[in-house]
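First residue of the sequence shown: 38, per the numbering used here; consecutive thereafter.
Note that CB positions come from ideal geometry on N, CA and C, so glycine has one too.
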Amino acid sequence: MNLAADENDFRRGIQRLLEGSRRVQEQIAPNPYQGVGEYTLHEHDTRSYFFDGFLSLLGWSLGPNGDVTEEVRIKADTTKFIDYLGLNDETGAPVMIFEAKAWGKAFIKGKGAARKNTSSHFLLIEAIKHVTQGGKKEEAPVIGDWHEYLQQLAGYVQTSTDLYGHRVTRAVLSSGDWLIVFIDPTAIFCDGNFDEQSFRIFKQEEYVEDADHIFRLLSRRSIGASTPLKIRSTQLNNYVTAENVASAHYSVFVNYEESGIDVFSPRPRIQVYPALVLLRSDGAILTVIDNEDPLELTLEENRQGEHTVNLHISNVEMVSSELLRRCSDELGAELATAPLEDFAGFPKPNEGKAPLSEDVGPDYIKPLRSRADQWQVVTGDHPHFLFDRPTTQCSFHSWSTCRNAGCQIGDTAISSRVTKGPRAFFTDEQIYHCAHQAVQDRRQRRCKIAPIDMRTCCRACIFQNSCWSEAEKAALPCGRE
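Below, the structure written as structure tokens:
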């Protein structure tokens with residue numbers, strides 16, 4: 038969290054990593070069938086011994102659930118792969134392209150008219166010009182594979198722009214022995230806008246001394262691949278000021294569990310954790326949560342004999358209001374929650390990541406990646422995704438009423454909570470339960486809370502105006518029995 042401490046940790050880590058890589062190279066025995074000097078770290082070995090550790094020190098995580106993907110095919114119909122691709126957690130869009138070469142690969146050198154110029158920056162600029170202008174390899178101003186290196190990198194950057202409409206934040210070319218960081222690769226390789234300040238060159242002997250520069254250029258926190266999943270109110274000033282808070286919205290984390298002894302059918306248990314979402318002026322979404330104790334969704338019987346969630350919602354509102362006050366105190370400004378319509382939604386997932394609901398509206402709810410049955414829900418200026426009672430009085434909460442009208446769901450009423458086929462926390466005749474087949478049919482592809490509960494009355498849900506247009510709501514049978 039502290040930049041100076043993080044940079045120092047990286048400096049210490051890179052020093053140890055270099056020492057380890059040197060030891061590995063010293064231990065590699067020469068192959069008698071190879072020529073002298075040919076037993077160096079190859080590209081795959083360099084990744085195993087150096088780059089995996091290098092990226093980890095920069096705060097990136099590798100593996101199936103990490104934010105760096107290895108050997109990424111850039112198009113479905115190609116055999117070309119990017120060695121490492123750093124991704125934005127929220128959108129899946131690439132923010133860093135990292136091309137790893139074998140440790141022994143020579144650094145850039147000139148040929149022809151450029152042979153006498155020993156400036157690496159000059160040679161790199163000339164080589165990039167040649168590539169971006171469509172020059173041929175045999176006419177390149179640099180020797181060896183450098184034309185192909187840059188041509189390949191330019192292709193990756195262009196493809197990323199075409200696929201995502203997104204400017205890649207960084208591109209890297211490295212053998213481990215040398216490191217080149219392209220600061221705005223889209224400007225360089227797509228717009229043709231570059232000079233000596235457009236990239237930084239580091240040699241191995243400079244890594245420790247320049248560790249702070251490398252960290253600020255390539256670390257996950259510097260590139261802004263994501264914001265933390267959650268922060269405490271006392272951490273707010275590390276991420277935002279009162280001046281660049283665009284809006285504030287209530288939010289809840291939801292945990293769904295199947296509970297009960299095995300000899301009976303499991304019962305749903307829903308836990309709610311009040312939170313606050315702050316939308317920063319640059320579009321970043323910050324989630325603040327202080328209370329680690331969940332509030333379980335329960336019903337209480339009122340004087341009219343109805344089972345309501347009023348007490349539960351009141352408790353959530355109390356915790357949420359206190360959190361809003363603490364955030365205001367931390368920022369030194371009075372924050373007010375904005376309505377749901379003012380929140381543009383969580384960033385839409387890119388190709389390969391399915392959205393939670395299939396409508397074209399904003400995504401107010403997103404699944405947590407760490408485990409199934411957990412979500413974050415933005416609720417606007419209302420503390421919960423449920424109202425204390427439906428906005429329309431209706432008799433179709435009752436299966437028998439629906440049966441009399443010939444519109445009931447299934448052969449029997451849901452008399453107890455169920456976790457499957459479909460999930461139903463609220464039961465027959467409770468005012469939050471819907472037993473009408475037409476409503477069920479029409480909501481199939483649009484319900485935002487379907488993964489949590491598929492039989493909740495739409496009129497008891499705060500997303501009703503997002504899921505249904507006014508004309509569609511008017512056409513629903515609610516209250517027209």
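query, result
"Spatial distance of CYS364 from SER407 (CA atoms)", "27 angstroms"
"Cβ separation of LEU190 and ILE134, assumed to be a contact under 8 angstroms, to the nearest whole Å", "7 angstroms"
"Length at least 3, wholly inside the segment 251-283: the beta strand (DSSP E) runs in chain order", "none"
"Beta strand (DSSP E) segment containing PHE91, residue limits", "Segment 89-94 is the alpha helix (DSSP H) holding PHE91; no beta strand (DSSP E) there."
"Length of the line joining the Cα atoms of PHE383 and VAL414", "10 angstroms"
"Beta-ladder partner(s) of MET133, from DSSP", "GLY123 and ARG207"
"Distance CB(PRO16)-CB(GLU354) smaller than 9 angstroms", "Past the boundaries of the shown model lies residue 16; the chain is included only from 38 to 518, so the question cannot be answered."
"Which listed residue (ARG460, GLY443 and GLU242) has its alpha carbon closest to that of ILE451", "ARG460"
"DSSP state of GLN52 mapped onto helix, strand, coil", "helix"
"DSSP state of GLY417 mapped onto helix, strand, coil", "strand"
"Beta-carbon contacts of ASN230 that lie in its chain and below 6 angstroms, excluding the five residues immediately before and after", "ALA224"
"Closest Cα partner of GLU378 within the set GLU233, ILE499 and ARG60", "ILE499"
"With 16 other Cβ atoms within 10 Å as the buried cut-off, status of PHE219", "buried"
"Boundaries (first-last residue) of the alpha helix (DSSP H) holding THR223", "222-226"
"Own chain partners of SER435 with C-beta closer than 7 angstroms, once the 5 adjacent residues on each side are dropped", "ASP465, GLU466 and ALA472"
"Sequence-distant residues of its chain with Cβ nearer than 7 angstroms to ARG454 (five each side left out)", "ARG304, PRO305, ALA461, PHE462 and THR464"
"Closest residue to GLN430 among GLY181, CYS515 and SER358 (Cα-Cα distance)", "CYS515"
"Three-way DSSP call (helix, strand, coil) for HIS434 in this model", "coil"
"ASP199 burial status per 10 Å Cβ neighbour count (16 or more: buried)", "exposed"
"Nearest residue (CA-CA) to ARG496, options LYS138, PHE422 and GLN445", "PHE422"
"CB of LEU360 within 9 angstroms of CB of ALA312, strictly", "yes"
"Element boundaries [beta strand (DSSP E), containing ALA312]", "304-317"
"Contact check, ARG207 vs LEU161, beta carbons under 9 angstroms", "no"
"Boundaries of the alpha helix (DSSP H) in which ARG479 is found, first to last residue", "474-480"
"Identity of the residue in ASN347, TYR276, GLU333 and TYR244 nearest LEU316 by Cα", "TYR276"
"Contact between the segment 149-163 and the segment 172-179 (3+ Cβ pairs under 8 angstroms)", "yes"
"Runs of beta strand (DSSP E) lying entirely within the segment 321-365, each at least 3 residues, in chain order", "322-325"
"Limits of the unbroken beta strand (DSSP E) element including PHE159", "Not the beta strand (DSSP E): PHE159 falls in the alpha helix (DSSP H), residues 157-169."
"Proximal residues to ILE260 (C-beta, below 8 angstroms), its chain only, five neighbours per side dropped", "GLY123, VAL132, MET133, THR206 and ARG207"
"CB of ILE251 within 9 angstroms of CB of PHE236, strictly", "no"
"LYS510: first and last residue of the uninterrupted alpha helix (DSSP H) it sits in", "507-512"
"Given TYR121 as reference, the closest of SER351, CYS444, ILE489 and SER93 once Cα atoms are compared", "SER93"
"Limits of the unbroken beta strand (DSSP E) element including TRP215", "215-219"
"Unbroken alpha helix (DSSP H) run spanning GLN501, endpoints", "501-504"
"Three-state secondary structure assigned by DSSP to GLY149", "helix"
"Buried or exposed by the 16-neighbour rule on C-beta atoms within 10 Å, applied to VAL300", "exposed"
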